[in-house]
Structure formats: structure tokens, C-alpha cells
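Residue numbers (our numbering): 3 to 424.
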């Protein structure tokens, strides 16, 4: 009898099904009609049903049990959730890239107020556009930098910022709506529930932080001639939180989709894991320092490499007092720091690659480490080119996208090297 049931399991291959016969079977149900036929064709099961006073098993019973089975997280639901999180990660990358282009085109201060729903519809008529342009003209960016701007030029920067905000709302919906659906379907275990709630909360926080950043660029500066720009502190917080959201989503998605390898826990493997974690942290810090470079336009102060002007260490490196202030507000120091962090990241990744070549690792892990090393050299070349060419928009946007790609590969490496869960 049990041998017959085992063959039946193999035939239909699938989740938990509980019959009202008090028999518990374990399989996934690709087709209820197929399952029904398999059950009815089993002579041993029919004999057992007769003994129990029941001659048939209904499709309704199978369907009811299968619906109950869908509420239990399993390999199939994990794949669905993992792919959803990777899709959300891709949308976050789109928001980061679009935000970078919005900043590079100096479009971020074109929308001078924030409404969750009302601003989803841009101006339509000529009167509405003129009213929106009139609001923009009341703020420092127009008065100091764009006083000769025409309405068509304003429409361009408005649509850039509007597109970035609408993309942010799309990201929010992509996280929240599937979360509600998967929660009701029972696709999350207790641990995953906490993770997705954290991700959804982070999306909401990111939206508020974006408006908080924009407000800093709309405020009047103490000196009337100060260039209107958003606070580099708020810009780095906005980018940093977006990168954290991306990293958390990507990591969670990869751990659901990529099975952990059963690696022998040797001393060298533990060293490689620690090395990979440190390298990933350094890559993240380098990307974050790029936000300070962008916020202070520090890419335009010294457009030479490897020296800064005629010197290795510029004279104005520590011009501000107190000294700590230089690392966050002195464009020269900020560019110098970004250079040092970039070279340090490249050195660390090269060391990680060389260290891993002397180890026996799974093929996927070797590919991830090799791609990380190749991307690191490409990213440094992009950064140097952007600097020497005085930060052209297309190249600068590509360089920012490259930082996200490098961070993605670092996370992939960590996912491949992670310990197998107990």
C-alpha cells in the first residue's frame, strides 16, 4: 500500500495534501484533474476506501486540501518571492539612476511642493504651466541661476523631477501590493514577514527623506550669492538609504533563489568570507562618498589624475576649521577621500580575487568574484574619465550606475559564500 502511494507521489510530484481519510500525503499538485485520476486509478487505495465505507474521493476534497497547502511556504513560493524581490531591486536601481540624472541636469528643485496624490498629474493647460513656473520663480534657484529660463526649458527640468517622483511611487506600489497578496496567501514565514515589513517601511521612509532633501535646496542661504543646492548631508542620506533598500532586497532575493553550497568550513574559507564582507562594506562606503562629491560639485575642483593639480596632496586639503568639517564640506577633501576610497576598493577586490584563485570554490562563486574584479577596474576607469572630461552628464550617470553594479556583484559574492542554514 505504501509502495503504491510512493509511486503516486512520484507521478504527481508535489505540497501537503490532507485527505479526510486521515491519510497525509506529501507532494506538489501540478493539476487537480491529474491528481484525481491518479487517486481513482490506484487499486490499493480503492480497496482501502471500500474498507473505510467510502467508494470515491472527490475533486472538491482534493481542491480544498490543495488550497490549504498553498498557505505553507515551500520551494515554489520561495522562488516566487525571490523573483519578486529581484524585480523590486531592479526598480530601485532605476530610481537611483533616474535620480542621478535628475541631479546632473539640475532638475531636482523644479517642483517646489510635495503632494502624494495631487502631483501625480502634471500641468496640462498653458495656464497650469504658467502657474507652476510662477511658483518656481519665487525660489533661489531661479533668482540666482536661472533668471533667464524660458517656459519650455522649465518644462524639461519639471518632467525630469516629476518622472523621478512617479518612479518612486511605482517602487512603493511594487513593494506594498505584492506584500499584501503574498501575506494573505501564506507565502511568508515569520522571519520573512519581518523582512518584508522592514522593506516596505524603508520605502515609505525613503520618500519622506527625498522631500526633506529637496527642501534644503529651496531655502534661502545666509549669503545672497550662495549657489542653491541641496544639502550634501541629506543627499548622501537619500542615496545611502536607497542603496540600503537595494542591498537588502537583492540579498533576500538571492538567498531565496540560490541554494547555499555545503562548503567545508576551513580556516581559509572563513578568511575569505570575512575578506568579502569587508570588501563589500568598502564598496558601499565608496558609493556613499560619491554622494558628497555630487552634493558639493567636488568633481570640478581638480580635473587631473593621478595628481590633484600639480601636487599629490593639495594645499587646501584641510583649509576648514575644525579639521573634521573638511571631510564633509570641503570639496577638495571630499574629492581626495573619494579617490582614496576608490583605489582602496580596487586594491581590496584585486586581493579578494587573487586569494580566491588558490581555493577550491563552486563555479558560480568563482564567476561572481571574477566579474566583481572586472567591474572594479571598469568602474575606476569610468571615474577617471569622468573627472578628466569635467563631469559630462552621460559619463557621470554611467559612473553612478557602475557603482550600483559593483555593489550588486559584491552582494552576489557574499550570497555565494554564505553558510548553509542549519
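A virtual CB, placed ideally from N, CA and C, is assigned to each residue, including glycine. In this text, all values refer to a predicted model and were calculated from it rather than measured experimentally.
- Scanning the region 81-114 for uninterrupted alpha helix (DSSP H) segments of 4 residues or longer gives nothing; none is fully contained.
- For residue 159, the enclosing alpha helix (DSSP H) starts and ends at 153-187.
- Per DSSP, reduced to three states, the secondary structure at residue 360 is coil, with no helix or strand assignment.
- The closest CA to that of residue 238, considering only 340, 293, 76, is found on 293.
- Residue 364 counts as exposed, since fewer than 16 other beta carbons sit within 10 angstroms of its beta carbon.
- Beyond the five residues adjoining it in sequence on each side, residue 141 comes within less than 8 Å, by CB distance, of 111, 114, 220, 230 in the same chain, given in chain order.
- Under a 10 Å Cβ-count criterion, residue 159 is classified as buried, with 16 or more other Cβ atoms of the shown protein chains found around its own Cβ.
- Counting along the chain, residue 250 sits inside the alpha helix (DSSP H) bounded by residues 234-259.
- By the beta-carbon neighbour count (other beta carbons within 10 angstroms, threshold 16), residue 414 is buried.
- When the beta-carbon positions are compared, residue 289 and residue 406 come within less than 9 Å of each other.
- Per DSSP, the unbroken alpha helix (DSSP H) holding residue 269 starts and ends at 269-297.
- Here the region 165-176 lies against the region 95-106, with 3 or more beta-carbon pairs under 8 Å apart.
- Cβ-Cβ distances below 8 Å link residue 258 to 80, 81, 83, 84, 87 in the same chain, with the five nearest sequence neighbours on each side left out; the list follows chain order.
- In the DSSP assignment, residue 404 falls within the alpha helix (DSSP H) that extends over 395-419.
- Annotation: residue 162 to residue 400 spans about 17 Å, alpha carbon to alpha carbon.
- Per DSSP, the unbroken alpha helix (DSSP H) holding residue 210 starts and ends at 192-220.
- The straight-line gap separating the alpha-carbon atoms of residue 208 and residue 216 is approximately 12 Å.
- Boundaries cannot be given for residue 301, as no alpha helix (DSSP H) includes it and DSSP labels it neither H nor E.
- Of all C-beta pairs linking the region 120-130 to the region 191-205, fewer than three are shorter than 8 Å, placing the two stretches out of contact.
- Across the set 395, 210, 305, 252, the C-alpha of 252 shows the shortest separation from the C-alpha of residue 89.
- Each residue's CA atom was taken as its position, placing residue 102 and residue 266 some 43 Å apart.
- The beta carbon of residue 389 sits closer than 7 Å to the beta carbons of 301, 305, 307 from its chain, once the five residues preceding and following it are set aside; these are given in chain order.
- Per the Cβ contact rule, the region 346-353 is in contact with the region 371-380 (3 or more Cβ pairs under 8 Å).
- Around residue 381, the same chain offers 404, 408 as residues with beta carbons nearer than 6 Å, after the five sequence neighbours per side are excluded.
- The beta carbon of residue 270 lies closer than 7 Å to those of 361 in the same chain, with the five residues before and after it left out.
- DSSP places residue 372 in the uninterrupted alpha helix (DSSP H) bounded by 365-390.
- Taking the CA atoms as reference points, residue 299 sits about 18 Å from residue 309.
- Looking only at 392, 93, 373, 318, the smallest Cα-Cα distance to residue 167 is reached by 93.
- When DSSP states are grouped into helix, strand and coil, residue 310 belongs to the strand group.
- Residue state for residue 338 is assigned as helix, using DSSP reduced to three classes.
- For the pair residue 272 and residue 356, the Cα-to-Cα distance works out to about 16 Å.
- Around the beta carbon of residue 255, 16 or more other beta carbons sit within 10 angstroms, so the residue counts as buried.
- Counting along the chain, the unbroken alpha helix (DSSP H) around residue 129 starts and ends at 128-138.
- DSSP places residue 120 within a helical segment (H, G or I) once states are collapsed to three.
- CA-CA distance, residue 312 to residue 330, rounds to 23 Å.
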